[in-house]
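Working notes, structure below.
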Amino acid sequence: MARGDDEFIAFAQASSSRLQRAAYLLTGDQHQAEEAAQATLVRVYAAWGRISRKDPYAYARTVLANLVTDQWRRPMREYATETMPEQQAPQDVADVVSKRRWLIGVLQALSPRERAVIVLRHFFDASEAEVARELGLPAGTVKALNSRALAKLRITAGLVPPLRTETEAGAGL
Amino acid sequence: MTQLEDLKDAMHSPPDFQPAPLDLQQVMSAGGRMRRRRRLAVGGASALTVAALLIGGSQLAGLRGPVGPMPGSGVSAPSAGVSAAPGVVGTIVETGRQAEGRRWIIYAETVDPNDLDATLTLVLGRTRTGTIDDFDRVIVSSDPGAGRLAPGFHAVQAGRLVEGRTTPTFGYYVGDAARITARDATTGKTVEAKRASWSAFDESERATIFWFDFTQGKPPATLTDLTAGG
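Chains as they are written, first to last, in UniProt numbering: chain X, 1 to 173; chain C, 1 to 230.
Listed below in structure tokens is the structure:
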């Protein structure tokens, strides 16, 4: 084993689930998510010597977002729409899982760039400046994409207690 | 309407998705191969860079008078077979200007591709053929120590006259920069730099190489208030 391999393995084990989950949000496909997360970790390992003392998780996040959006650029699979699916009936919305499923469905209907901004900003909790740097976009564009995507998702800025009623082990680092 | 916390909750616990165990042995094998390819790529360029170093060194030695401070100019030629050999990284930027039939170019190089943050160095040089083996290194510039990929301006060198040839004010900037400007201390006017995107091996290693336009034979403008605008 090369020097630093133990540290990399620990990092990969701790971050694998979260990277896959982010990849799933970005691709909408379980198999593609596994491939994207694996390809991300390959690049993280290749660069481990210079990133392990900094912020390897931020590095992985950047690589993942760009890997997925690069793939989108090639086949031009742009399926953004201004018409979002209707939210389900109130009795269904009360159901946490139904609401989650609806939100993930709407997320998949965003444009790739909107989705990347939403995932980096609200899944990884990156700042607008970080998102701009990591996606190579002007800060103003990130702000606009975020606002437009939240509008499509019909998100209000109100503060309410989190809806989370169950947690997944290994969701965080 | 939905709350932002609902969206975060849904993203952290998406229904219909379960993370799978990844094959870390395969990850490390593929990552190791990628690392070796990068070193080979940089090492391959380095053989040519060594020739350029020697050419550039002899011409620098022939300079009359000081050329001003050249931080980072102590790059030494590597021994063959060392994986962490110096070499050109990323795009070679054409400034569009030339002197005596040689085009002014700017490029980045490193002595350790795995530690660009502490080794990235910017080179202003001239070339006749556009190939690396006739690069004439004129100014070598780098920041001291690490942090060379931290947001902000780096390796900035003011324009000067070197053996009667005008060199531009140049450097690189890490971060968003839709415009890079400076103030001409003589005229008081704001001037805008020309820019070229630069990246090394992956998405996190990006910068903008910039230079201010310059006219051969004329003294370079004295510039102040270097600013990057989003």
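Just so it is clear, CB atoms sit at the ideal spot from N, CA and C, and this is done for glycine as well.
Among the CB atoms of chain C, one or more fall inside 8 Å of the CB of X:G49.
Listed along chain C are S204, each with a C-beta nearer than 7 Å to that of X:Y59.
For C:F210, there is no enclosing alpha helix (DSSP H); the enclosing beta strand (DSSP E) has its first and last residue at R206 to W211. For X:A36, there are no C-beta contacts with chain C under 7 Å, since the nearest C-beta of that chain is about 11 Å from it. Residues of the UniProt region "Disordered" (1-22) of chain C that bring their beta carbon within less than 9 Å of a beta carbon in chain X comprise M1, T2, Q3, L4, E5, D6, L7, K8, D9, A10, M11, H12, S13, P14, P15, D16, F17, Q18, P19, A20, P21 and L22, in sequence order. One Cα belongs to X:A36, the other to X:V68, and the distance between them is close to 7 Å. When only Cα atoms are considered, C:T169 and X:S147 end up about 39 Å apart. If you draw a straight line from the Cα of X:V44 to the Cα of X:Y59, it comes to about 7 Å. For the alpha helix (DSSP H) assignment, the uninterrupted runs of no fewer than 4 residues enclosed by the UniProt region "Disordered" (1-22) of chain C are, from N- to C-terminal side, 4-12.
Between C:D143 and X:R50, the CB-CB gap reaches or exceeds 8 Å. Below 8 Å, enough C-beta pairs join the segment 11-25 of chain C and the segment 16-26 of chain X to call them touching: three or more. Just measuring C-alpha positions, the residue of C:A158, C:H154, C:G145 and C:I106 sitting nearest C:F135 is C:I106. For C:V89, not one C-beta of chain X is nearer than 8 Å to its own C-beta. Where X:H31 is concerned, the enclosing alpha helix (DSSP H) starts and stops at Q30 to A46.
Just so you know, the alpha carbons of X:F124 and C:K8 end up roughly 10 Å apart. Taken through DSSP and simplified to helix, strand or coil, C:R103 comes out as strand. Of all residues in the segment 94-106 of chain X, those with a C-beta nearer than 7 Å to a C-beta of chain C are V97, K99, R100, R101, L103 and I104, reading in chain order. For the pair X:Q108 and C:T227, the Cα-to-Cα distance works out to about 39 Å.
With its beta carbon at least 8 Å from every one in chain X, C:L120 lies outside the interface.
The segment 207-219 of chain C makes contact with the segment 169-183 of chain C; the number of CB pairs closer than 8 Å reaches 3 or more. Between X:V131 and chain C, the shortest Cβ-Cβ separation is not below 8 Å. When secondary structure is reduced to three states using DSSP, C:T227 falls in the strand class.
Cα atoms of X:K152 and X:V106: separation of roughly 8 Å, rounded to the nearest angstrom.
Within the segment 23-34 of chain C, those residues whose Cβ lies closer than 8 Å to any Cβ of chain X are, in chain order, D23, L24, Q26, V27, M28, A30, G31, G32 and M34.
DSSP lists C:F210 as the beta-bridge partner residues of C:R195. At least one CB atom of chain X sits nearer than 8 Å to the CB of C:G175.
Within chain C, no C-beta atom comes nearer than 9 Å to that of X:R148; the closest sits roughly 14 Å away. If the five residues before and after C:T127 are omitted, its C-beta is found closer than 8 Å to the C-beta atoms of R102, R103, I105, D134, F135 and D136, all from its own chain and listed in chain order.
Residue ranges of uninterrupted alpha helix (DSSP H) with 4 or more members, entirely inside the segment 88-155 of chain C and ordered along the chain, are 116-119.
In this model, C:S141 and C:L122 are separated by some 5 Å (Cα to Cα). The beta carbons of X:L120 and X:A149 sit about 11 Å from each other, so the pair does not count as a contact at 8 Å.
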